[in-house]
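Novice:
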Ligand code: GLV
């Protein structure tokens, strides 16, 4: 049996599955391992089932024991892993695409609705019994006829586009390349970021965090948005420059934000907390039993498949 370090707790059924296939080292207390501890615990292990909370940078990867042959990340995103450093050490990196598309797109839509319809203010007023119905009370932005800009039209972006269309939104998108007609499904492609942002009444950030997308939403690019735009992020905090976005909220260039992900999670820039127009969630994108089970199963299968025949369909490096 291959010895596998599983860095975070999984749902019970997934841990049961892992213990049937591997000699698995579990994290009973679900503690956040330091890089030093992770290196130490991986001693004698053939692989690591990692989570997005593990920072597997070059320094950490270079110190992993030679026995480690695979890093199976329990996430679709793998910005927490230095792919090049892993490749140099002949360590395969895998992720868990597809299985979390629907759950994450649901949260993407929730962020749009929560920010546009002033949900944080509504919850606060309802909880404090501090409201009365009136014709102009908590007027928000309706989605019907509003232009939605999808930054990164991958699986999650396309699912958000599909739901948004049914809500009457007009979908625009920016990607490195234009999609085929069936994938585009009527959405309008912008090769140019400025042209894309200038029509994004509501922006939905759905792209992966890479060197190219770090701080892509910043002081300069926020200016391209229409006055009073709504900015939402269901992807990764690293894509947004928080100080610049908070500053844009302060001067009402941005009407509201809907965020599920943050730079330096679980901490978030306190500037957001001062804004009633900030609809913020604690990284819930894939948080449903069905999806978390499917993700863990896939992360386990990726390791199993790799050791069985050397192939791995979800290899990313
Ligand atoms: C969640 O954020 C993921 O990347 O799977």
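Numbering (our numbering), first residue to last: 98 to 414.
Ideal Cβ placement from N, Cα and C applies to all residues, glycine included.
Using only the heavy atoms of ligand 1, determine whether one of them is closer than 7 Å to the beta carbon of residue 180.
Specialist: Flag unset: Cβ of residue 180 not near ligand 1.
Novice: Would you decide whether residue 305 is buried or exposed? Buried here means 16 or more other CB atoms lie within 10 Å of its CB.
Specialist: buried
Novice: Pairs of beta-carbons, one from the region 230-239 and one from the region 286-294, closer than 8 Å: are there three or more?
Specialist: no
Novice: Can you tell me which of 282, 174, 345 puts its alpha carbon nearest to the alpha carbon of residue 327?
Specialist: 345
Novice: Could you tell me which of 393, 183, 402, 120 sits nearest to residue 194, measuring between CA atoms?
Specialist: 393
Novice: Cα separation between residue 265 and residue 229?
Specialist: 29 Å
Novice: Which runs of the beta strand (DSSP E) spanning at least 3 residues fall entirely within the region 349-374, listed in chain order?
Specialist: 351-356
Novice: On the three-pair Cβ rule with 8 Å, is the region 215-223 touching the region 159-171?
Specialist: no
Novice: Which residue or residues does DSSP assign as beta-bridge partners of residue 270?
Specialist: 247, 286
Novice: Tell me whether residue 295 sits in a helix, a strand or coil according to DSSP, three-state version.
Specialist: Of the three classes helix, strand and coil, the one that applies to residue 295 here is coil, per DSSP.
Novice: Can you tell me the Cα-Cα spacing of residue 251 and residue 226, whole angstroms?
Specialist: 42 Å
Novice: Tell me the DSSP bridge mates of residue 403?
Specialist: For residue 403, no pairing in a beta bridge is given by DSSP.
Novice: When DSSP labels each residue in this structure, what does residue 394 get in the three-state scheme?
Specialist: Reduced to three states, the DSSP call for residue 394 is helix.
Novice: May I ask you to verify whether the region 386-403 touches the region 187-201, counting CB pairs closer than 8 Å and requiring at least 3?
Specialist: yes
Novice: Do residue 182 and residue 159 count as a contact pair if the criterion is CB distance below 8 Å?
Specialist: yes
Novice: May I ask you to report which of helix, strand or coil DSSP gives residue 314?
Specialist: Strand at residue 314.
Novice: In whole angstroms, give me the CA-to-CA distance for residue 339 and residue 116.
Specialist: 41 Å
Novice: Report, in whole angstroms, the separation of the C-beta atoms of residue 120 and residue 153, which I expect to be a contact under 8 Å.
Specialist: So it is not a contact: roughly 21 Å between Cβ atoms.
Novice: Going by Cα to Cα distance, which pick from 123, 254, 391 is closest to residue 301?
Specialist: 254
Novice: Do residue 323 and residue 298 come within 8 Å of each other at the CB atom, strictly closer than that value?
Specialist: yes
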